[in-house]
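Enquirer: Numbering-wise (the working numbering), the sequence shown opens with residue 13 and increments by one.
Please read through the structure below; I'll follow up with questions.
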Amino acid sequence: MIYIALPLTLLLYALTKKMYAFRRIPLLNPVLIPCILIIILLISADLSLEDYQTGTSALTFLLEPSIVALAIPLYLQFKEIKKQAVLILLCCLLSVFISVTSAVFICHFLGIDRMIAYALTTRSITTPLAISATNELGGIPSIAVAIVCIAGICGAVMGFPLMKRLKITDPRAQGLAIGSCSHAVGTSSAQEYGVVQGSYSSLALILCGIITSVVAPPYIIFLYSLLD
């Protein structure tokens, strides 16, 4: 499994990418479909997840530089972004506030264990930042990773079709919405729709990640102190 994990992952991604380019169906997401097929394979054949992860370590290594590369579309739109800096920051602050507050209240009223709730509050930022924030709160990092992946895939699959139905057509608004809710996975989807969407999504990803990492932990503790 170690030796076929990397070529299998790349093959599934390439095939799904071709299918999506041919039909443009949101569910044919290059992240979603390979994930589902690989999970089915590992469970049905009783294969080792650790061996599969070892085999795809090269892709994991490339994750961090790929995130840094998101600065390129930001640079291309820098002049336009600079003019709207205050509004963009307010949008990202509001997004983090809604995301964290809704997660805390929903988890509290549903009686969800607080350690799990801490992980759920970081669902809208990239995996490394989510793990860091969850550890600081005393939550469960593995749950944070899972929920971050789910949030990213959901945003990539449903984000643009939903905005189309809601008649949100401004590419800047589309990019900010995707980046603030669906982090890197959503941003990769946004880049397929246009340079503007990709740039604003990258910016929202970065700002919401920083804001959540810095502000969310003390804010979450404060909210729970009010609810106790």
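Cβ atoms here follow ideal geometry from the backbone N, Cα and C, with glycine treated the same way.
1. In its own chain, which residues sit with a C-beta less than 7 Å from the C-beta of M170, not counting the 5 before and 5 after it?
2. May I have a chain-ordered list of the alpha helix (DSSP H) segments no shorter than 4 residues that lie completely inside the stretch 142-203?
3. I believe T146 touches Y130 by the beta-carbon criterion, under 8 Å. Please report the beta-carbon distance rounded to the nearest angstrom.
4. Could you check whether the stretch 186-204 touches the stretch 59-74, counting it as contact only if at least three pairs of C-beta atoms, one from each stretch, sit closer than 8 Å?
5. How would you call R36, buried or exposed, if buried means at least 16 neighbouring beta carbons within 10 angstroms?
6. For A216 and C104, which I take to be in contact (beta-carbon distance under 8 Å), what is that distance rounded to the nearest angstrom?
7. What did DSSP end up calling L244 once you bin it into helix, strand or coil?
8. Give a yes or no on contact between the stretch 175-188 and the stretch 148-164, applying the rule of three or more CB pairs nearer than 8 Å.
9. Check the C-beta distance from G167 over to G198 and give it rounded, since I have them as a contact under 8 Å.
10. With DSSP run on the structure shown, which of helix, strand or coil describes T138?
11. Leaving out five residues on either side along the sequence, give the residues of the same chain with a beta carbon under 6 Å from the beta carbon of T134.
12. Rounded C-beta distance between T138 and T68? I'm assuming under 8 Å.
13. What three-state label does DSSP hand A81 in the structure shown?
14. Excluding sequence positions up to five away, which residues of its chain have a Cβ less than 7 Å from the Cβ of M175?
15. From the DSSP output, in three-state form, read off L106 for me.
16. My understanding is that P85 touches S211, with C-beta atoms under 8 Å, so please give their C-beta distance in whole angstroms.
17. Could you work out which residue in Q209, G123, G151 and L54 is closest to I233 when comparing CA atoms only?
18. So, under 8 Å CB-CB, V43 and V227 are touching, yes? Tell me the CB distance rounded to an integer number of Å.
Expert: In terms of the structure at hand:
1. Mapped onto the sequence shown, residue 170 falls at position 158. The residues are P38.
2. 153-177
3. As a first step, residue 146 is located in the sequence shown; it is residue number 134 there, counting from the start. As a first step, residue 130 is located in the sequence shown; it is residue number 118 there, counting from the start. That pair is a contact at about 6 Å.
4. no
5. Here residue 36 is taken as the residue at index 24 of the sequence shown, counted from 1. The residue is exposed, with fewer than 16 neighbouring Cβ atoms inside 10 Å.
6. Mapped onto the sequence shown, residue 216 falls at position 204. Mapped onto the sequence shown, residue 104 falls at position 92. Between C104 and A216 the Cβ distance is about 6 Å, and since that is below 8 Å, they are a contact.
7. Nothing about residue 244 can be read from this structure; the chain reaches only from 13 to 240.
8. no
9. Counted from its first residue, the sequence shown places residue 167 at position 155. Counted from its first residue, the sequence shown places residue 198 at position 186. Right, their Cβ atoms sit about 4 Å apart.
10. One-based indexing of the sequence shown puts residue 138 at position 126. Coil at T138, not helix or strand.
11. Along the sequence shown, read from residue 1 onward, the residue named residue 134 stands at position 122. Cβ neighbours of T134 beyond the five flanking positions: A142, A145, T146 and A156.
12. Residue mapping note: residue 138 aligns to position 126 of the sequence shown, counting from 1. Residue mapping note: residue 68 aligns to position 56 of the sequence shown, counting from 1. That belief does not hold up - the Cβ atoms of T138 and T68 are roughly 18 Å apart, past 8 Å.
13. Along the sequence shown, read from residue 1 onward, the residue named residue 81 stands at position 69. DSSP places A81 in coil when its eight states are reduced to three.
14. For the purposes of this step, residue 175 is taken as residue 163 along the sequence shown, with counting starting at 1. Result list for M175: Q186 and A189, in chain order.
15. As a position in the sequence shown, residue 106 is number 94, starting the count at 1. L106: helix per DSSP, three-state reduction.
16. Mapped onto the sequence shown, residue 85 falls at position 73. Mapped onto the sequence shown, residue 211 falls at position 199. Right, the Cβ-Cβ distance comes to about 4 Å (below 8 Å), so this counts as a contact.
17. Working through the sequence shown from its first residue, we reach residue 233 at position 221. Checked all of Q209, G123, G151 and L54; the closest Cα to I233 is G151.
18. Looking up residue 43 in the sequence shown gives position 31. Looking up residue 227 in the sequence shown gives position 215. At roughly 28 Å, the Cβ-Cβ gap does not stay under 8 Å, so V43 and V227 are not in contact.
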